[in-house]
Ligand SMILES: *Cc1c(COP(=O)(O)O)cnc(C)c1O
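Residue numbers (our numbering): 6 to 425.
Dropping the structure here:
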């Protein structure tokens, strides 16, 4: 469910025409719906009621502080994977005690920052990280809350590059190691052992791998308690898929929550979740204009958006629905849709049936609110794409376009080239 629909023939985000946003801020631009963000958070959170769960939005899916603040006002926490993401979450008003810090490559400086911030939980991914963190905690005279990230050896996810739970993936430790590591952390007076964490992948369309992973988590927690070791939390990660195609919808949050209740029935433990895509994907679109039509047996539509603005088709072969901003009943025809960048990878889709398009037409890439703007770059010396947040009949530019002239102020010639 989302709030992008045609009204009187014009594609709108809530009560605002996308064409009006394009006129105001130019294209390409990301546009997010407050109502969709809030609704997805509410649906997910309330699916677990009356259980009190922490829903920590995965900042890497959409890191704009206006998006984070929208969710934070509803009570969301933040799942972060870098100091930068923690800083963004704090700036957006997420309380430190709702921030989870995950990731395999946390540097000492980042760990120290998280310890000083007093985050809800640091998810430790290896023995080496545990030792480093204990040393940092001792030096700072703090006792950070930690969880051990378990790799349950369950593969899942919409693409090999976004699967994280197989035994050979770089994430977490094996279930046996996790028990040993957790026990060791519990003995360490510099650490506050709280629980175990898992996250097996992204764009998961089938509950069974998640259920298998969650059963591993429950049995590990039971084993620990059986040995007299206290454990109060399980962090069950994110990963729930969203519909990108016109294909059967992925499991709804209610089905997911019912599965969780099945796995944890009769087991008293605090649960947290880290949904990213499920909250943000359908809450955003990327708007772009047709720059040119190349006359081929199958015409090529060249847009002013490119792979640097939306890279998912290039790196994950991802599918995004494409809708013209002006509704039409004209018969569809096959197009290739590309951006202007000088590589063949800059192709959004081939042989897509779309209504007739002309130079200057505005189109929207649907389901672009997650892993869209966060992955944008300035490749090909392009401006960094701006972001707009809509709420009802209002909209605001929440990240302005970073123009090339501004980017150039970061660069300089070395003295030996200036002298010439
Ligand atoms: C990426 C990530 C998430 C979010 O995944 P989604 O598929 O967007 O829900 C959650 N937790 C961790 C540790 C992650 O790396």
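Just so it is clear, CB atoms sit at the ideal spot from N, CA and C, and this is done for glycine as well.
Note that this is a predicted model, so its numbers are computed, not measured.
When burial is assigned at 16 or more other CB atoms within 10 Å of the CB, is residue 350 buried or exposed?
-> If you number the chain shown from 1, residue 350 lands on position 345. Residue 350 counts as exposed, since fewer than 16 other C-beta atoms from the protein chains shown sit within 10 angstroms of its C-beta.
Report yes if the CB atom of residue 294 is closer than 8 Å to the CB atom of residue 240, and no otherwise.
-> On the chain shown, position 289 is the one that residue 294 refers to. On the chain shown, position 235 is the one that residue 240 refers to. Going by C-beta atoms, residue 294 is not nearer than 8 Å to residue 240.
Residue 254 Cβ short of 7 Å to ligand 1 heavy atom set | Reading the chain shown from its first residue, position 249 is the one you call residue 254. No; taking the cut-off as 7 Å, the Cβ of residue 254 has no heavy atom of ligand 1 nearer than that.
Give the DSSP-derived three-state secondary structure of residue 329 in the structure shown.
-> Along the chain shown, read from residue 1 onward, the residue named residue 329 stands at position 324. Residue state, collapsed to three classes: strand.
Beta carbon of residue 196 nearer than 8 Å to that of residue 222 = Position 191 of the chain shown, counted from the start, is the residue given in the question as residue 196. Position 217 of the chain shown, counted from the start, is the residue given in the question as residue 222. Here residue 196 is not near residue 222, since their CB atoms are 8 Å or more apart.
From 123, 116, 115, residue whose alpha carbon lies closest to that of residue 99 | The count along the chain shown starts at 1 and reaches residue 99 at position 94. Residue 123 is the option with its Cα nearest to residue 99.
Considering only the beta carbon of each residue, do residue 94 and residue 64 sit closer than 8 Å?
-> In the chain shown, residue 94 corresponds to position 89, counting from 1. In the chain shown, residue 64 corresponds to position 59, counting from 1. Taking 8 Å as the cut-off, the beta carbon of residue 94 is found closer than this to the beta carbon of residue 64.
Determine, using beta-carbon pairs with one atom in the segment 371-385 and one in the segment 329-339, whether at least three such pairs fall under 8 Å.
-> Touching, no.
State whether the segment 27-43 contacts the segment 393-404, with contact taken as three or more CB pairs (one from each stretch) at a distance under 8 Å.
-> Counting Cβ pairs under 8 Å, three or more are found: they touch.
Helix or strand or just coil, what does DSSP make of residue 287?
-> Along the chain shown, read from residue 1 onward, the residue named residue 287 stands at position 282. The answer is helix: DSSP assigns residue 287 an H, G or I state.
Using the rule of at least 16 other Cβ atoms within 10 Å of the residue's Cβ for burial, across every protein chain shown, is residue 356 buried or exposed?
-> Locating residue 356 in the chain shown gives position 351, counting from the first residue. Residue 356 is exposed by the Cβ-count criterion.
Assuming residue 75 contacts residue 42 under a Cβ cut-off of 8 Å, what Cβ separation, rounded to an integer in Å, is found between them?
-> For the purposes of this step, residue 75 is taken as the residue at position 70 of the chain shown. For the purposes of this step, residue 42 is taken as the residue at position 37 of the chain shown. At roughly 5 Å, the Cβ-Cβ gap stays under 8 Å, so residue 75 and residue 42 are in contact.
Nearest CA to the CA of residue 324: which residue from 373, 296, 288?
-> Counting from 1 along the chain shown, the entry for residue 324 is found at position 319. Between residue 324 and the set 373, 296, 288, the nearest pair of CA atoms involves 373.
Can we count residue 107 as close to ligand 1, meaning its CB is less than 7 Å from some heavy atom?
-> One-based indexing of the chain shown puts residue 107 at position 102. Checking every heavy atom of ligand 1 against the Cβ of residue 107, one is found closer than 7 Å.
Find the nearest neighbour of residue 243 within the set 18, 53, 62, judged by alpha-carbon distance.
-> Translated into positions along the chain shown, residue 243 becomes position 238. It is 62.
According to the neighbour-count rule (16 or more other Cβ atoms, all chains shown, within 10 Å of its Cβ), is residue 133 buried or exposed?
-> For the purposes of this step, residue 133 is identified with residue 128 of the chain shown, where counting begins at 1. Residue 133 should be labelled exposed.
From residue 1 to residue 203, what does the alpha carbon distance come to, in whole angstroms?
-> There is no way to answer for residue 1, as the model of the chain reaches only from 6 to 425.
Just the Cα atoms here: how many angstroms apart are residue 400 and residue 314?
-> Looking up residue 400 in the chain shown gives position 395. Looking up residue 314 in the chain shown gives position 309. Going by the C-alpha atoms only, they are around 21 Å apart.
Under three-state DSSP, which class holds residue 228?
-> Here residue 228 is taken as the residue at index 223 of the chain shown, counted from 1. Looking at residue 228 - three-state DSSP - the assignment turns out to be helix.
For residue 65, is the beta carbon positioned less than 7 Å from some heavy atom of ligand 1?
-> For the purposes of this step, residue 65 is taken as residue 60 along the chain shown, with counting starting at 1. Within the cutoff, so yes.
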